[in-house]
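Participant: Read top to bottom, the protein sequences are chains A and B.
Here the first sequence is numbered in my numbering, starting from 28 and rising by one per residue.
Here the second sequence is numbered in my numbering, starting from 17 and rising by one per residue.
Here a beta-carbon is modelled for each residue, glycine too, at the ideal position from N, C-alpha and C.
All figures in this text were calculated on a predicted structure; none of them were measured in a lab.
Have a look at this one before I ask anything.
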Amino acid sequence: MTARSTTTRYVGWVAITVGGACAGSASSASRSELRTDQSFRSSAGTVAAEAAPGQEAREQVVRGRALLLEHGCADCHGGGPNPAADGYLAGMRSPQMEFLIGPCALTPGATPCFRTRPRNLTPDNTTGIGRFSERQLFNSLRFGLRPGETPDVEITSTTPGQGNFPANPKYLAPPMPWPAFRHMSDQDLRDIVAYLKRGVKPVRNRVPDSEGPPDFWAGEYTPEKIGRYPAPPFPTANEQAPK
Amino acid sequence: MRALLASRPGRTLPLLALLATAGPIGSSALPARLAAPERAGGATGAVARRTVELTLTAAPARLELRPGTATDVYAYNGQVPGPTLELREGDSVVIHFRNALPEPSTIHWHGIHLPFAADGSPFHPVAPGAQHDYVFTVRPGTAGTYWYHPHPHHHTGPQVARGLYGAIVVRAADDPLPATLAERVLVLSDNRFRPDGSLDVRDPNSAGGREDAENGREGDVLFVSGAIMPTLAIRSGEVQRWRVINASAARIYRLALAGHRVLHVGSDGGLFERPVEVSELVLGVGERAELLVRGTGAPGSRAVLQTLPYDRYVPQTRPADWERPRDLLTLQYSAAPPVAPVALPRVLRPVPALDTAQATATRVMVLTQHLINGKSMDMGRVDVSTTLGATEIWEVENLVGMDHPFHLHGFQFQVLDRDGVPEPYPSWKDVVNVPKHQTARFIVRYDDHPGKWMFHCHILDHEDHGMMGVLEVRPDTETRP
Numbered sequence: 028m029t030a031r032s033t034t035t036r037y038v039g040w041v042a043i044t045v046g047g048a049c050a051g052s053a054s055s056a057s058r059s060e061l062r063t064d065q066s067f068r069s070s071a072g073t074v075a076a077e078a079a080p081g082q083e084a085r086e087q088v089v090r091g092r093a094l095l096l097e098h099g100c101a102d103c104h105g106g107g108p109n110p111a112a113d114g115y116l117a118g119m120r121s122p123q124m125e126f127l128i129g130p131c132a133l134t135p136g137a138t139p140c141f142r143t144r145p146r147n148l149t150p151d152n153t154t155g156i157g158r159f160s161e162r163q164l165f166n167s168l169r170f171g172l173r174p175g176e177t178p179d180v181e182i183t184s185t186t187p188g189q190g191n192f193p194a195n196p197k198y199l200a201p202p203m204p205w206p207a208f209r210h211m212s213d214q215d216l217r218d219i220v221a222y223l224k225r226g227v228k229p230v231r232n233r234v235p236d237s238e239g240p241p242d243f244w245a246g247e248y249t250p251e252k253i254g255r256y257p258a259p260p261f262p263t264a265n266e267q268a269p270k
Numbered sequence: 017m018r019a020l021l022a023s024r025p026g027r028t029l030p031l032l033a034l035l036a037t038a039g040p041i042g043s044s045a046l047p048a049r050l051a052a053p054e055r056a057g058g059a060t061g062a063v064a065r066r067t068v069e070l071t072l073t074a075a076p077a078r079l080e081l082r083p084g085t086a087t088d089v090y091a092y093n094g095q096v097p098g099p100t101l102e103l104r105e106g107d108s109v110v111i112h113f114r115n116a117l118p119e120p121s122t123i124h125w126h127g128i129h130l131p132f133a134a135d136g137s138p139f140h141p142v143a144p145g146a147q148h149d150y151v152f153t154v155r156p157g158t159a160g161t162y163w164y165h166p167h168p169h170h171h172t173g174p175q176v177a178r179g180l181y182g183a184i185v186v187r188a189a190d191d192p193l194p195a196t197l198a199e200r201v202l203v204l205s206d207n208r209f210r211p212d213g214s215l216d217v218r219d220p221n222s223a224g225g226r227e228d229a230e231n232g233r234e235g236d237v238l239f240v241s242g243a244i245m246p247t248l249a250i251r252s253g254e255v256q257r258w259r260v261i262n263a264s265a266a267r268i269y270r271l272a273l274a275g276h277r278v279l280h281v282g283s284d285g286g287l288f289e290r291p292v293e294v295s296e297l298v299l300g301v302g303e304r305a306e307l308l309v310r311g312t313g314a315p316g317s318r319a320v321l322q323t324l325p326y327d328r329y330v331p332q333t334r335p336a337d338w339e340r341p342r343d344l345l346t347l348q349y350s351a352a353p354p355v356a357p358v359a360l361p362r363v364l365r366p367v368p369a370l371d372t373a374q375a376t377a378t379r380v381m382v383l384t385q386h387l388i389n390g391k392s393m394d395m396g397r398v399d400v401s402t403t404l405g406a407t408e409i410w411e412v413e414n415l416v417g418m419d420h421p422f423h424l425h426g427f428q429f430q431v432l433d434r435d436g437v438p439e440p441y442p443s444w445k446d447v448v449n450v451p452k453h454q455t456a457r458f459i460v461r462y463d464d465h466p467g468k469w470m471f472h473c474h475i476l477d478h479e480d481h482g483m484m485g486v487l488e489v490r491p492d493t494e495t496r497p
């Protein structure tokens, strides 16, 4: 499933001019209730000082690496499917990596037109994700919330203003396929975050900010457009129990 | 005049009557509003101890902020901005604050070194109808330009927007600049009005309110000490001393006076060691600048002081007209022939650099939208705990695409570097603007006054939304837990 087909489904006029197949598989079973694990490192910036990882920590990072590779994160964020490639996960380093979001993607000059620039996902403190806590990054993948603009708290609701879900949520720019990724299990998301925070070397690369509408995409990421998390119980009207 | 200002403990000096502006509010008679105040008396270097006792009343008022249109405001002593407070180093100051507002308030003496109980922080709200005395002594060596404004938790922005802010000038007996220089106090602010003349303070839950929460509230009407596009008089050859205060809630000024290069001589905590010639100057929210404006224009000519475009915004909420320069005031040269140049000192005062080798801790402050280190303000939480007398380095990292002017209460600091570029000369600061995706480091010594001191983004909407924390400075006699 490519980002193109994934995003155009829920962001009506999103089209993408460049970039490849940011795969958005929704492989893991969703949970029946909204619940997250609180076993995060406590705050931003403390993780780098961790002692040498034990076997368990290494296994988690390796699991996260596999998940990251199979979800094609680096196709957009740099390096492609090769962890040894130059610029792996370091974010946009050339204009070719930029996405045009909006009618301008099909008709040059048409508006609105927003540029999405894949972020540096390496744990560099000031240009990457090094200062974001694992919980903030988890919330980013589960709820699509911009990690720099969402408190470092456990979120227990998807209703704005309730259960620590921001009253005015600000979402990651399309085509980041978080509406698909959010259905991964807590453990899978935590593993990905652990890999990004602790299994990747920091690379200093300051990526210009992505553009977007003043509501930070809140109007595009409504339950009507992207469904709910957790997903409705199986089977819906489109589904059937196996015979 | 000296008799008027003599020390008379226990009695209210008629100081405010002297300093209160005479012109009608909203008029462009700026020079009248900013008439050069009485200078520190005499030519002797001795600091005369005196007690300054005055009263500030915050109350609703109806004023013509714009000529011909009445607006309901909050005002200190019936005027916007409030009266300029004239203090001298060494003064014992007692300010009786009367809160005649329908809501709690405080007065924060921005940048002044004073005891915790006098800081007017959210820890000490003054109830509607109540009074509070702010008592402090003006520390020698702190001559400079400061300001005052309310600081109640969650409500600073709306109260400042309604008109509660004013200038403070602290003078030194040994000021190195010629006392003959004409002085102007320029309080920069902006505001926004509805068609009916009322102040446009948006509902936080409206789309516009959310935009204000993001950008900070900016107004399309720019005021200089309460006047719109005033005219300042200057004579060719004359040098004037301008004290500029950014009292706006969110606007960052990029000041340029057409055809002039000015001497930047001081910042938040007073004069530099030497004048620095500049063609423009970025003044972040809450910051101050002392400038020497040299009348290099021809008799009869004029020049406009503008704020040039400055992109402090995230792309999502950047105003469509952000690239438009805005006029602030006209500098009008008289027809009189040039006066002889004034000799200006090349050295102003020593500003000894704090020694980084003395620093015992580095405090990392990660700024994102409305958050510091991922947290929202909690009055019951101490974010940084330290000991009186300690010297520490603060590393303020701005991770997001919007500038955040970072203010520390209680202590003046010295910026060490900005994004790794060493600060070219030491100066005393209480606000450092941290541009988008940049890091600023400063060094501070908690040399007096234990207590709980706020640090926060000075975009008032961000502060009100919780982009603030608490530094507790404990007495050095206390045992660490």
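Would you kindly report the start and end of the unbroken alpha helix (DSSP H) that includes residue 165 of chain A?
Facilitator: 161-170 is the span of the alpha helix (DSSP H), which, as asked, contains residue 165 of chain A.
Participant: Please tell me whether residue 331 of chain B has its Cβ less than 9 Å away from any Cβ of chain A.
Facilitator: Answer yes: the Cβ-Cβ gap between residue 331 of chain B and chain A drops below 9 Å somewhere.
Participant: In chain order, what residues of the same chain have a beta carbon less than 6 Å from the beta carbon of residue 400 of chain B, not counting five sequence neighbours either side?
Facilitator: Result list for residue 400 of chain B: 379, 487, in chain order.
Participant: At a CB distance below 8 Å, what residues from the segment 380-410 of chain B approach chain A? Give them in sequence order.
Facilitator: Residues passing the 8 Å Cβ filter: 380, 382, 384, 385, 386, 387, 389, 390, 391, 392.
Participant: If distances are taken between C-alpha atoms only, which option among B:100, B:292, B:307 comes closest to residue 260 of chain B?
Facilitator: Answer by Cα proximity: B:307.
Participant: Under a CB-based cut-off of 9 Å, is residue 122 of chain A close to chain B?
Facilitator: Not closer than 9 Å to any Cβ of chain B, the Cβ of residue 122 of chain A fails to qualify, so no.
Participant: What is the rounded straight-line gap between the Cα of residue 245 of chain A and the Cα of residue 209 of chain A?
Facilitator: Whole-angstrom Cα-Cα distance: 16 Å.
Participant: For the alpha helix (DSSP H) that residue 226 of chain B lies in, which residues bound it at each end?
Facilitator: 223-231 is the span of the alpha helix (DSSP H), which, as asked, contains residue 226 of chain B.
Participant: Quick check on residue 98 of chain B: does DSSP put it in helix, strand or coil?
Facilitator: Three-state result, residue 98 of chain B: strand.
Participant: Does the distance from the CB of residue 348 of chain B to the CB of residue 198 of chain B come in under 9 Å?
Facilitator: Cβ distance not < 9 Å, so residue 348 of chain B and residue 198 of chain B don't count as in contact.
Participant: Taking only runs that begin and end inside the segment 393-449 of chain B, name each unbroken beta strand (DSSP E) of 3 or more residues, in chain order.
Facilitator: Those beta strand (DSSP E) runs which fall completely within the segment 393-449 of chain B and span 3+ residues are 400-403, 407-414, 420-424, 429-434.
Participant: Which of helix, strand or coil does DSSP assign to residue 197 of chain A?
Facilitator: Coil, per DSSP.
Participant: Taking C-alpha atoms, which residue in B:457, B:82, B:483 lies nearest to residue 211 of chain B?
Facilitator: Among B:457, B:82, B:483, the Cα nearest to that of residue 211 of chain B belongs to B:82.
Participant: At the level of alpha carbons, what is the spacing between residue 469 of chain B and residue 166 of chain B?
Facilitator: About 15 Å.
Participant: Hey, how far is the Cα of residue 223 of chain B from the Cα of residue 491 of chain B?
Facilitator: Cα to Cα, the separation comes out at about 46 Å.
Participant: For residue 287 of chain A, name the three-state secondary structure that DSSP assigns.
Facilitator: No information on residue 287 of chain A is available, as it lies outside the stretch 28 to 270 that chain A covers here.
Participant: Go ahead and label residue 389 of chain B buried or exposed: buried means 16 or more other beta carbons lie within 10 angstroms of its beta carbon, across all protein chains shown.
Facilitator: Buried, because 16 or more other Cβ atoms sit within 10 Å of the Cβ of residue 389 of chain B.
Participant: Which residues mark the beginning and the end of the beta strand (DSSP E) in which residue 182 of chain B is found?
Facilitator: Here the beta strand (DSSP E) through residue 182 of chain B covers 182-187.
Participant: Does any C-beta atom of chain B lie closer than 9 Å to the C-beta of residue 52 of chain A?
Facilitator: For residue 52 of chain A, the predicted structure reports a pLDDT of 38, less than 50, and the residue's modelled location is therefore unreliable. A value from the coordinates is still provided. No, because no Cβ of chain B sits closer than 9 Å to the Cβ of residue 52 of chain A.
Participant: Using 9 Å as the threshold, is the C-beta distance between residue 206 of chain A and residue 248 of chain A below it?
Facilitator: Cβ distance < 9 Å, so residue 206 of chain A and residue 248 of chain A count as in contact.
Participant: Reducing DSSP to helix, strand and coil, say where residue 166 of chain B ends up.
Facilitator: Of the three classes helix, strand and coil, the one that applies to residue 166 of chain B here is coil, per DSSP.
Participant: Going straight from the alpha carbon of residue 111 of chain A to that of residue 203 of chain A, what length do you get?
Facilitator: The straight-line gap from Cα to Cα measures roughly 23 Å.
Participant: Going by DSSP in three states, residue 333 of chain B sits in which element: helix, strand or coil?
Facilitator: Helix at residue 333 of chain B.
Participant: Given this structure, state the Cα-to-Cα distance separating residue 227 of chain B from residue 217 of chain B, to the nearest angstrom.
Facilitator: Computed Cα separation, rounded: 12 Å.
Participant: Classify residue 181 of chain B: buried if its beta carbon has 16 or more other beta carbons within 10 angstroms, exposed otherwise.
Facilitator: Label assigned to residue 181 of chain B: buried.
Participant: Grouping DSSP H, G and I as helix and E and B as strand, with all else coil, what is residue 458 of chain B?
Facilitator: Residue 458 of chain B falls in the strand class under three-state DSSP.
Participant: If you check the beta carbons only, do residue 124 of chain B and residue 135 of chain B fall under 9 Å apart?
Facilitator: Yes, the pair counts as a contact, with Cβ atoms nearer than the cut-off.
Participant: DSSP three-state label for residue 126 of chain B, please.
Facilitator: Of the three classes helix, strand and coil, the one that applies to residue 126 of chain B here is strand, per DSSP.
Participant: Find the nearest neighbour of residue 336 of chain B within the set B:231, B:188, B:163, B:160, judged by alpha-carbon distance.
Facilitator: Selected option, being the one with the closest Cα: B:231.
Participant: Is it buried or exposed for residue 133 of chain A, if we count other Cβ within 10 angstroms and need 16 for buried?
Facilitator: Looking at its Cβ environment, which holds fewer than 16 other Cβ atoms inside 10 Å, residue 133 of chain A is exposed.
Participant: Any Cβ of chain A within less than 9 Å of the Cβ of residue 454 of chain B?
Facilitator: Cβ-Cβ to chain A under 9 Å: yes for residue 454 of chain B.
Participant: Is the CB of residue 328 of chain B under 9 Å away from at least one CB in chain A?
Facilitator: Judged by the 9 Å Cβ criterion, residue 328 of chain B is not in contact with chain A.
Participant: What is the rounded straight-line gap between the Cα of residue 46 of chain B and the Cα of residue 246 of chain B?
Facilitator: Residue placement at residue 46 of chain B cannot be trusted, given a pLDDT of 41 that sits under 50; what the coordinates show is reported in the next sentence. If I take the Cα positions, the gap works out to 6 Å.
Participant: Taking the straight line between their C-alpha atoms, what separation do you get for residue 27 of chain B and residue 69 of chain B?
Facilitator: Interpretation of residue 27 of chain B is limited by its pLDDT of 34, a score under 50 that renders its predicted location unreliable; the figure taken from the coordinates is listed afterwards. For residue 27 of chain B and residue 69 of chain B, the distance between alpha carbons rounds to 7 Å.
Participant: Quick check: is the beta carbon of residue 479 of chain B nearer than 9 Å to any beta carbon in chain A?
Facilitator: For residue 479 of chain B, the answer is no, since every Cβ of chain A falls outside 9 Å of its Cβ.
Participant: Contact between the segment 444-453 of chain B and the segment 97-111 of chain B is defined here as three or more beta-carbon pairs at a separation below 8 Å; is this criterion met?
Facilitator: The segment 444-453 of chain B, when compared against the segment 97-111 of chain B, does not touch it at the 8 Å Cβ threshold.
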